[in-house]
Amino acid sequence: MIHISGLGVAGSYLFRRLNDDGFDVSAYDPKREGYYLPCGYATNEFLLDTYLNNIGMGIGEYVLSRAQNVIFSGHNFGEISFNARGMCTIEKKRLEEDMVRGLHRGASAKMENADVMVDATGISRALLGPHPEDYRMYAREYLSPGSAHDDFYFYFFEGGHGYFWEFPLGGKYHVGAGSDSLEIINEKLSGYAREVVTGRMIRLAPLFDNVSRGNIIGVGEAVGTVSPISGEGIVPSIKSAEFLFQALKKHSEPERIAEDYKAKLFREFGYYEKLRALVYKIQSGTKLGLSDLSSARLAKKDLEMFGIDFKMSKVIRHFL
Ligand SMILES: Cc1cc2nc3c(=O)[nH]c(=O)nc-3n(C[C@H](O)[C@H](O)[C@H](O)COP(=O)(O)OP(=O)(O)OC[C@H]3O[C@@H](n4cnc5c(N)ncnc54)[C@H](O)[C@@H]3O)c2cc1C
Numbered sequence: 217m218i219h220i221s222g223l224g225v226a227g228s229y230l231f232r233r234l235n236d237d238g239f240d241v242s243a244y245d246p247k248r249e250g251y252y253l254p255c256g257y258a259t260n261e262f263l264l265d266t267y268l269n270n271i272g273m274g275i276g277e278y279v280l281s282r283a284q285n286v287i288f289s290g291h292n293f294g295e296i297s298f299n300a301r302g303m304c305t306i307e308k309k310r311l312e313e314d315m316v317r318g319l320h321r322g323a324s325a326k327m328e329n330a331d332v333m334v335d336a337t338g339i340s341r342a343l344l345g346p347h348p349e350d351y352r353m354y355a356r357e358y359l360s361p362g363s364a365h366d367d368f369y370f371y372f373f374e375g376g377h378g379y380f381w382e383f384p385l386g387g388k389y390h391v392g393a394g395s396d397s398l399e400i401i402n403e404k405l406s407g408y409a410r411e412v413v414t415g416r417m418i419r420l421a422p423l424f425d426n427v428s429r430g431n432i433i434g435v436g437e438a439v440g441t442v443s444p445i446s447g448e449g450i451v452p453s454i455k456s457a458e459f460l461f462q463a464l465k466k467h468s469e470p471e472r473i474a475e476d477y478k479a480k481l482f483r484e485f486g487y488y489e490k491l492r493a494l495v496y497k498i499q500s501g502t503k504l505g506l507s508d509l510s511s512a513r514l515a516k517k518d519l520e521m522f523g524i525d526f527k528m529s530k531v532i533r534h535f536l
């Protein structure tokens, strides 16, 4: 029997996937009805759709706004516009609810009898516990009736201290900021109207060397499947849940499951280690050199996965 703690995107996807495949699985999440999910809701519709197809769903009815252009800006550079390649915002809460609709959850107490316990509790790591190399930033977000830009907009703070975003939501906007400084966040968000205020810490370090403990195995943000440069965690967390599903199908021993799963995580997301190192270098004021070129290429690949047609040539041209 498998028990999943946490029904965010990763836990909900895994719960549905295992149920559909005939596994004996229960799940628990203490989230209150009406809770506003702290997330920008931006994702790559093409990638997300392929995963939703695995559980008999599709992205279509959940899309709120599709990006035409994605604008990057920063403390020392003006606006650079990239074409979108799938970036959109989705009704994330309804999507999560629909993923698990009609499934029998079971109580938290069922955990005691589980052969495998899945930690899908995101930032909490409620079952796996703290990790010494964890790295988190503050993140705060408003649901706002207006914003300064009509399209998807990112403003990068000086010295790798995070970024500010404006994402259209089919009539309204998510305006938010993630940073290691609450002062920077408050300053950037001041002046924006807000109908809802939400926020939490966001994990920006891959913790793949510690994805399991005994019969507990972590998925999603609990193990750091969040891009260290963009904060994208929806598709990566679902991907990690699919990797765990595949491992659960193949093996029954928790150690074998964890081994197989961990190898897949490293293969797909191992480059997050390099992106985290790049961000750390920028944050500590170390000059970037030729040796960082491969990390810059990985950053490009990462932004493309998020649904942005990121062109290095545009950035270089901008600074010449
Ligand atoms: C402000 C903000 C903006 C973001 N914007 C974007 C974005 O635009 N695009 C993007 O791709 N990513 C974004 N992210 C990241 C993304 O939201 C997460 O990485 C992703 O949702 C992680 O999914 P998850 O299922 O692993 O965790 P979560 O979605 O965080 O789900 C964890 C679940 O565990 C539950 N839980 C907690 N403790 C327990 C417990 N003890 N027992 C049982 N359940 C528990 C919680 O209630 C929650 O439902 C953003 C994050 C933040 C904070």
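For the sequence shown, counting from 1, position 288 maps to 504 in the numbering used here; every step adds exactly one. Using N, Cα and C, we set each Cβ at its ideal position, and we do this for glycine too.
Span separating the alpha-carbon of Leu514 from that of Asp508: The residue labelled residue 514 in the question sits at position 298 within the sequence shown. The residue labelled residue 508 in the question sits at position 292 within the sequence shown. Roughly 10 Å separates the two Cα atoms.
- prompt: Among the residues of its own chain, which have a CB less than 8 Å from the CB of Ala336, if the five just before and after it don't count?
  reply: Sequence index remark: in the sequence shown, residue 336 carries index 120 (1-based). Correct list, in chain order: Ile220, Ser221, Gly222, Leu223, Gly224, Ala226, Gly227, Leu230, Gly434, Val435, Gly436, Ala438, Ala457.
- request: Have a look at Leu405, Pro384, Met353, Arg492 and flag the residue whose alpha-carbon is nearest the alpha-carbon of Arg418.
  value: Mapped onto the sequence shown, residue 418 falls at position 202. The displayed chain sequence assigns Ile, not Arg, to residue 418. The option with the nearest alpha carbon to Ile418 is Met353.
Boundaries (first-last residue) of the beta strand (DSSP E) holding Leu359: Numbered from its first residue, the sequence shown carries residue 359 at position 143. Counting along the chain, the beta strand (DSSP E) containing Leu359 begins and ends at 352 to 360.
- request: In the DSSP assignment, find the unbroken alpha helix (DSSP H) run with Val451 in it and report its ends.
  value: Here residue 451 refers to the residue found at position 235 of the sequence shown. Looking at the DSSP string, the run of the alpha helix (DSSP H) that includes Val451 is 450 to 466.
task: Output the distance between the C-alpha atoms of Ile430 and Gly345, rounded to the nearest integer angstrom.
output: Along the sequence shown, one-based indexing puts residue 430 at 214. Along the sequence shown, one-based indexing puts residue 345 at 129. The identity of residue 430 in the sequence shown is Gly, whereas the question assumes Ile. CA-to-CA, the gap between Gly430 and Gly345 works out to about 13 Å.
- request: Can you check the segment 226 to 306 for any beta strand (DSSP E) of at least 3 residues that lies completely inside it and give the ranges in chain order?
  value: Secondary structure in the segment 226 to 306: the beta strand (DSSP E) runs of 3 residues or longer, each lying completely within the stretch, are 241 to 244, 258 to 260, 279 to 282, 285 to 290, 293 to 300, 303 to 306 in chain order.
task: Report whether the distance from the Cβ of Gln304 to the nearest heavy atom of ligand 1 is below 8 Å.
output: Within the sequence shown, numbered from 1, the residue matching residue 304 stands at position 88. According to the sequence provided, residue 304 is Cys. The question's Gln does not apply to it. Checking the Cβ of Cys304 against ligand 1 gives no.
Which residues DSSP lists as bridging Ile432, in chain order: Position 216 of the sequence shown, counted from the start, is the residue given in the question as residue 432. For Ile432, which the question treats as bridged, DSSP gives the partners Met333, Arg429.
Rounded straight-line distance, which links the Cα of Gly272 to that of Met315: Within the sequence shown, the letter at position 99 stands for residue 315. Within the sequence shown, the letter at position 56 stands for residue 272. Straight-line Cα distance between these residues: approximately 9 Å.
- prompt: Between the C-alpha atoms of Lys421 and Arg492, what's the straight-line distance to the nearest angstrom?
  reply: Taking the first residue of the sequence shown as position 1, residue 421 is located at position 205. Taking the first residue of the sequence shown as position 1, residue 492 is located at position 276. In the sequence as presented, Lys is not what sits at residue 421; that position holds Ala. Rounded to the nearest angstrom, the gap between the Cα atoms of Ala421 and Arg492 is 6 Å.
message: Let me make sure I understand the geometry here. Which of Pro254, Ala355, Pro384 has the alpha-carbon closest to that of His377?
response: For the purposes of this step, residue 377 is taken as residue 161 along the sequence shown, with counting starting at 1. Ranking Pro254, Ala355, Pro384 by Cα distance to His377 puts Ala355 first.
message: On the CB-based measure, 16 or more other CB atoms within 10 Å of its CB, does Thr502 come out buried or exposed?
response: To locate residue 502, count along the sequence shown from 1; it is residue 286. It counts as exposed.
- request: With a floor of 4 residues, list each alpha helix (DSSP H) that falls wholly inside the segment 336 to 423, ordered by position along the chain.
  value: Taken in chain order, the whole alpha helix (DSSP H) runs of length 4 or more contained in the segment 336 to 423 are 398 to 405.
query: Closest to Tyr369 by CA distance: which of Gly486, Val412, Ser297, Arg233 is it?
result: The residue given as residue 369 occupies position 153 in the sequence shown. The option with the nearest alpha carbon to Tyr369 is Ser297.
message: For Lys466 and Met521, I'd like the C-alpha separation in whole angstroms.
response: Position 250 of the sequence shown holds residue 466. Position 305 of the sequence shown holds residue 521. Using only the alpha carbons, I get a separation of about 28 Å.
- request: Determine contact between the segment 262 to 271 and the segment 241 to 251, defined as no fewer than three beta-carbon pairs at a distance below 8 Å.
  value: The segment 262 to 271 vs the segment 241 to 251: no contact.
task: Would you give the residue range spanned by the alpha helix (DSSP H) that Ser221 belongs to?
output: Along the sequence shown, read from residue 1 onward, the residue named residue 221 stands at position 5. For Ser221, there is no enclosing alpha helix (DSSP H); the residue is part of the beta strand (DSSP E) that begins and ends at 218 to 221.
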